[in-house]
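K.L.:
Residue numbers (UniProt numbering): 1 to 350. Just so it is clear, CB atoms sit at the ideal spot from N, CA and C, and this is done for glycine as well. The model shown is predicted, which means the values in this text are computed figures rather than measured ones. The structure that follows is given in the form of structure tokens.
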């Protein structure tokens, strides 16, 4: 039994071996402590840079805010300085000067400019006393009558094909619109029937309304659009209307009416073999003169002369020149093609 009990006891180690085990425990503990210290140092190293970065960012934000505040203060100070300079320029209380001038200089300037304005006002008033809105005062430099034609054509080129209505329909529309004011019923209602062959002179004050003589659409006959609604364009015999520009107080000289004459401008004269004029006299009757201006001659209707080109060569461009003929009429000005004449082109295709 004793032998068995002895065998169950813990083994006995020598004293030196037990001492070595204690040393090993201390070494392990020291090793663990060192590892903990290194981990703490690493954590400190990781935390410190983050704190430094945050501090640097905060410092940068503070600097930016300070810079913005300083800039705002500088701009406000600059505006305030400018305003202060302007106020001092307008009135300097120390030097008692306004606009960098003393009071005496300002008084002199005031009276100088006031007298200058008074002189200009007096001159303008005197000038307006000699001018009337009803009649031009100076007419020495007024040009002779100019002319215009209808229908409207781009670059004064009448190009159309007889068999294609789309090419000439816009000319018909233009003529119909232009002649609305010449309708017989409207002329009889607004204007008076004047005797032909003499001036229609109206006495009275210059501001009194003047009467106007009738110029009826029916005077144009075949070019009136009443008998032929297409004004001859559907048959290749186009009508073109001509009128003189209005000139206040104008009267044809020597009591002879101004006439209209058309011909080929350059090329073969036989390109135009026949032209009919309406009225048949191919002239502007004297009863439509003088013209008293738009303020008093309200219902005035300019007289017309219609040219009916009944026989013109086809399928080629024909340059046409229509001139005014009469005493004192100028129709050969080179640099103005509308003074006393008009030049256009007919190109009728079939």
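Using only alpha-carbon positions, find the residue among 112, 242, 273, 202 that is nearest to residue 259.
P.N.:
Minimum Cα distance to residue 259 is reached at 242.
K.L.:
According to DSSP, is residue 47 part of a helix, a strand, or is it coil?
P.N.:
With a pLDDT of only 46 at residue 47, under 50, the local geometry of the prediction cannot be trusted, and no value is derived from it.
K.L.:
Note the first and the last residue of the continuous beta strand (DSSP E) segment covering residue 349.
P.N.:
Its beta strand (DSSP E) spans residues 341-349.
K.L.:
Alpha carbon to alpha carbon, what distance is there between residue 317 and residue 310?
P.N.:
Distance between the alpha carbons of residue 310 and residue 317: 16 Å.
K.L.:
For my contact list, residue 126 and residue 172 are in at a C-beta cut-off of 8 Å; report their separation, rounded to the angstrom.
P.N.:
With 8 Å as the limit, residue 126 and residue 172 do not qualify as a contact, their Cβ atoms being about 54 Å apart.
K.L.:
Please report the residue range of the beta strand (DSSP E) in which residue 158 lies.
P.N.:
Residue 158 -> beta strand (DSSP E) spans 157-161.
K.L.:
Do residue 215 and residue 288 have their C-beta atoms within less than 8 Å of each other?
P.N.:
Cβ distance < 8 Å, so residue 215 and residue 288 count as in contact.
K.L.:
By DSSP's criteria, residue 150 is part of a beta bridge. Which residues make up the other side?
P.N.:
BP columns for residue 150 point to 241.
K.L.:
Are residue 344 and residue 149 touching if we call contact CB-CB under 8 Å?
P.N.:
Going by C-beta atoms, residue 344 is nearer than 8 Å to residue 149.
K.L.:
Across which residues does DSSP place residue 278 in a beta bridge pair?
P.N.:
Paired residue(s): 306.
K.L.:
Relative to the alpha-carbon of residue 225, which residue among 239, 136, 157, 268 has its alpha-carbon at the smallest distance?
P.N.:
It is 239 whose Cα lies nearest to the Cα of residue 225.
K.L.:
What's the gap between the Cα of residue 337 and the Cα of residue 282?
P.N.:
Roughly 21 Å separates the two Cα atoms.
K.L.:
Assuming the contact rule is C-beta atoms closer than 8 Å, residue 348 and residue 312 should be a hit. Round their C-beta distance to whole Å, please.
P.N.:
Right, the Cβ-Cβ distance comes to about 6 Å (below 8 Å), so this counts as a contact.
K.L.:
Can you tell me where the beta strand (DSSP E) holding residue 258 begins and where it ends?
P.N.:
Segment 258-264, the beta strand (DSSP E) holding residue 258.
K.L.:
Tell me whether the segment 105-121 and the segment 189-203 touch, counting them as touching only if at least three CB pairs, one residue from each stretch, are closer than 8 Å.
P.N.:
No, because fewer than three Cβ pairs between the segment 105-121 and the segment 189-203 fall closer than 8 Å, the two stretches do not touch.
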